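Engineer: Handing you a structure now.
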Amino acid sequence: MSIDMFASAAGQLDDHERLRLYVEGVRERAAQAAPWGPDTVGVPAQPTGSALLRINDAAFYANARTEIAAFADLCLSLLDLHRPRDGGGLSSGSTAAAQRCNCCMLRWPCPTIREMSHLLK
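See the structure below:
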């Protein structure tokens, strides 16, 4: 599939394709990353911090790789569901026909894609 297919009039990727490429990049980097753990990242000594905070930090690092990959899969599933489709209406002049979301049938871009675009800038 050619990337030109998703180009806007200005030659830039549309929001849906830009988000998909971004999330695929996150997923790919997470898959290639070395597993994190106290032996690979190290748990810095925190003289004023509690042991519970250090344990929580280590647990966060240990789970981050798999959680980021799962988050990327979720985002890609949402993007697969919420993609533009022809709205089926007639257009006048050189104006393109209105598009609708393939999933929720709201006007494109739907609230899901707008929110993802806003949060993943």
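What the sequence shown shows, in the numbering used here, is residues 63 to 183, in sequence order.
A virtual CB, placed ideally from N, CA and C, is assigned to each residue, including glycine.
A quick note: this is a predicted structure, and the numbers were derived from the prediction, not measured.
Using three-state DSSP, classify residue 83 as helix, strand or coil.
Structural biologist: For this step, residue 83 is matched to residue 21 along the sequence shown. Note: residue 83 maps to helix in three-state DSSP.
Engineer: Residue 78 and residue 146: beta carbons closer than 8 Å?
Structural biologist: On the sequence shown, position 16 is the one that residue 78 refers to. On the sequence shown, position 84 is the one that residue 146 refers to. Yes, these two residues count as a Cβ contact at 8 Å.
Engineer: Have a look at residue 84 and residue 161 and give me their C-alpha separation to the nearest angstrom.
Structural biologist: For the purposes of this step, residue 84 is identified with residue 22 of the sequence shown, where counting begins at 1. For the purposes of this step, residue 161 is identified with residue 99 of the sequence shown, where counting begins at 1. Residue 84 and residue 161: Cα-Cα distance of roughly 23 Å.
Engineer: Got a sec, what are the start and stop residues for the beta strand (DSSP E) residue 162 sits in?
Structural biologist: The residue you call residue 162 lines up with position 100 of the sequence shown. Counting along the chain, the beta strand (DSSP E) containing residue 162 begins and ends at 161-163.
Engineer: Apply the 10 Å Cβ neighbour rule to residue 180 and answer buried if 16 or more other Cβ atoms are within range, or exposed otherwise.
Structural biologist: Translated into the one-based positions of the sequence shown, residue 180 becomes position 118. With fewer than 16 other Cβ atoms within 10 Å, it is exposed.
Engineer: By how many angstroms is the C-alpha of residue 89 removed from the C-alpha of residue 135?
Structural biologist: Translated into positions along the sequence shown, residue 135 becomes position 73. Translated into positions along the sequence shown, residue 89 becomes position 27. Their Cα atoms are separated by approximately 7 Å.
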